[in-house]
Amino acid sequence: MLKVDFPFHGPNVLISEQSFLTTTNPSIANSAQNPASSQQLALTLATAADDRKGADILILNVQDVSYLADFFVIVTGFSRTQVRALADSMQNAAVEQCHRSPVHVEGQADSTWIVLDYGDAIAHIMMPEARQFYSLEAFWGHAERISFPTTPQIK
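First residue of the sequence shown? That's -1 in this note's numbering, and the numbers climb one at a time after it.
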């Protein structure tokens, strides 16, 4: 048990460390219900994107260079409809395989860049113009790239 002092709300309160962590940090609460690692979540998101024909899928291990997350998954979709479909597929796969839902989702209205934030993994689904303009790969270029075998595209 962890003894936490709440001077503004009365006497000391005893709560479990896990209870304290899950009530103060929602991403820990989300991952506490699921044994899937952040790397497994990133691979699940990338696989779901590949299944929906996402292009240029990249997984970056940013845990040593950023406090934002452990992994980024960056995917290109070629239309707003495909970007939305990729995001939906990735969310469904995370729920079904990792029992995880995003802590926050941004960009669904515009659908040129959708961000799925799981706390320890963040997926960026972008149209080619946004991906080229913001160049997240270059910005996080010092992060380790995780190998991900994509399905070969038939031309």
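Glycine is no exception: its CB is placed at the ideal position from the N, C-alpha and C atoms.
Quiz item: Roughly how many angstroms separate the alpha carbons of Met88 and Val103, rounded to a whole number?
Solution: 12 Å
Quiz item: Of the residues Ala91, Gly139 and Asp108, which one's Cα is nearest the Cα of Leu39?
Solution: Ala91
Practice problem: Would you check if there are 3 or more beta carbon pairs closer than 8 Å linking the segment 95 to 114 to the segment 134 to 146? | Solution: no
Quiz item: What are the partner residues of Thr74, as DSSP defines its beta bridges?
Solution: Ala53 and Met124
Self-check item: Phe146 - DSSP class collapsed to helix/strand/coil
Solution: coil
Quiz prompt | CA-to-CA distance, His122 to Glu135, given in whole angstroms | solution = 11 Å
Quiz item: What are the boundary residues of the alpha helix (DSSP H) that includes Leu114?
Solution: Per DSSP, Leu114 belongs to no alpha helix (DSSP H); it is in the beta strand (DSSP E), Trp111 to Asp115.
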